[in-house]
Amino acid sequence: MRRIPLVLLTLGLTSGLAACQSEAGQTAGGATAPDSPAASADPVTAVPESRTFRDWTVTCGNNGDCTAFGSVADDNGWLRLFMPAGPGAEPVVHVGMWMSDGSVVPTLTIDGQPFASRIEDDLARIPADRTRAVIDALAEGRAAELGTADGSLAVSVSGISAALLWIDERQGRLGTVTALIRKGDAPASTVPAAPTLPVVAAAPAVAQTGLTATQLPDAVEDLDPVRTCRTDTDFNPDFQYDIQHYRLAADTVLWGVPCFMGAYNTGYLYVLTDNAGASPRIVSLPTTGEAMETPINPEYDPATRRLEAFGKGRGLGDCGTVHQWI
């Protein structure tokens, strides 16, 4: 049995990640970092990575942009700090509260100092001329909260300094006037430019005619991981035989094997075979952490040649992690 990787197109596209951390049980990349950042990475050669610093999670993409998510009490709100890559970039801070119906804009209060937000592009944002002051206050703060007339929620500042430092290191800002936390006198021109993203072009679509099988090939059923999936899903025969299969090339078929079912997430194991269902190879999907073999709620689109997965952090589907492969 051989495991083969597919090409990762994008990942770590998160929505309200901090609000669903406790329920999802892991960070976007599935890894938990220590409380202090590791050595810096060259933004020009950076790969996507997610790290957790106590109550803060940071995700940086291969475009060099980084986003930090702060934890809010009872998972009923969020604080998001976005820092684009490049010497001329400026940070953006958004805030939100699930208890709010959107008509009331939350105020962020740090050690008793209020910072009002305002709606821009349907999101509550700290005004640009106050953003740096908010970041400085968070880095040195002891307590923070989001509040409206309906009430307030505590925002943890535990780990924010390490998160900011990691972003500075990733983007090459340490010791410069653009740094989020460890500022210096070096001019912005010393900060590396944002990297040029690679262009990933999908292969031409392949006709799906002739795929009439309703059962997995015997060679696939005989794989030990597939047998485990069968055992784990035998409580639900309908789901157990909800098999996916797609033609990827003239002599290559992708099979999706139902592997697990939860309250609002289902997982599939993917296997490649030839047209006769022989020579099975388990697909290993790259992520920012460990390779993934059972993507959650996956769907493959033959027209675009993309496999997408959305791991819901909550049943509402208002937060979680999206992966997309090509």
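In terms of our numbering, the sequence shown opens at residue 1031 and continues consecutively. All residues carry an ideal CB built from backbone N, CA and C; glycine is no exception.
Roughly how many angstroms separate the alpha carbons of residue i and residue j, rounded to a whole number?
i       : j       : result
ARG1344 : ALA1280 : 40 Å
ARG1148 : VAL1135 : 6 Å
ALA1232 : LEU1299 : 22 Å
ALA1237 : SER1080 : 37 Å
PRO1255 : ASP1272 : 17 Å
MET1291 : THR1226 : 39 Å
THR1206 : ASP1085 : 26 Å
VAL1123 : ASP1252 : 52 Å
ALA1235 : ALA1339 : 20 Å
VAL1102 : PHE1145 : 16 Å
GLN1051 : VAL1185 : Below a pLDDT of 50, predicted positions are generally treated as unreliable, and GLN1051, at 47, falls in that range; the measurement from the model is reported next regardless. Rounded to whole angstroms, GLN1051 to VAL1185 spans 14 Å at the Cα level.
GLY1126 : TRP1108 : 5 Å
GLY1341 : LEU1153 : 23 Å
ASP1365 : GLY1181 : Given a span of 1031 to 1356 for the chain in the structure shown, any question on residue 1365 remains unanswerable.
VAL1301 : PRO1310 : 6 Å
THR1244 : GLN1270 : 12 Å
VAL1352 : ALA1293 : 18 Å
ARG1155 : GLY1177 : 14 Å
THR1087 : GLN1274 : 34 Å
ASP1215 : ALA1333 : 52 Å
LEU1346 : GLU1329 : 19 Å
Rounded C-beta distance between residue i and residue j? I'm assuming under 8 Å.
i       : j       : result
THR1089 : THR1097 : 5 Å
GLY1100 : ILE1190 : 7 Å
CYS1289 : THR1263 : 7 Å
Do residue i and residue j have their CB atoms nearer than 8 Å?
i       : j       : result
LEU1194 : VAL1164 : no
GLN1354 : ARG1335 : no
LEU1168 : GLU1175 : no
VAL1221 : PRO1117 : yes
VAL1287 : LEU1246 : yes
LEU1241 : ARG1212 : no
THR1282 : ALA1249 : no
ASN1106 : ALA1224 : no
PRO1121 : LEU1210 : yes
Let me confirm a value: residue i is counted as buried when at least 16 other C-beta atoms fall within 10 Å, else exposed. Which label applies?
i       : result
ARG1172 : exposed
ILE1140 : buried
GLN1201 : buried
THR1208 : buried
CYS1349 : buried
ARG1110 : buried
ASN1266 : exposed
ASN1305 : exposed
VAL1230 : exposed
THR1261 : exposed
ASP1072 : With a pLDDT of only 48 at ASP1072, under 50, the local geometry of the prediction cannot be trusted, and the value read off the model is given with reservation. Exposed is the call here.
ALA1115 : buried
GLY1297 : buried
VAL1077 : exposed
PRO1067 : Unreliable positioning characterises PRO1067 in this predicted model, as indicated by a pLDDT of 42, which lies under 50. A coordinate reading is not provided.
ARG1257 : exposed
ALA1158 : exposed
PRO1217 : exposed
ALA1192 : buried
GLY1307 : buried
PRO1228 : exposed
LEU1315 : buried
ASP1095 : buried
Where do the ends of the beta strand (DSSP E) carrying residue i lie?
i       : result
LEU1346 : From DSSP, LEU1346 is part of no beta strand (DSSP E); its letter is neither H nor E.
ALA1098 : 1096 to 1100
GLU1329 : 1329 to 1331
VAL1301 : 1296 to 1303
PRO1144 : 1143 to 1146
ARG1110 : 1107 to 1113
ALA1231 : Neither: ALA1231 is in no beta strand (DSSP E) and is coded neither H nor E.
THR1282 : 1282 to 1291
THR1390 : Because the chain spans 1031 through 1356 in this model, residue 1390 falls outside it and cannot be assessed.
THR1139 : 1137 to 1140
Over the uninterrupted alpha helix (DSSP H) stretch that includes residue i, give me the two end residues.
i       : result
SER1191 : 1190 to 1201
GLN1270 : 1267 to 1270
ALA1158 : 1158 to 1170
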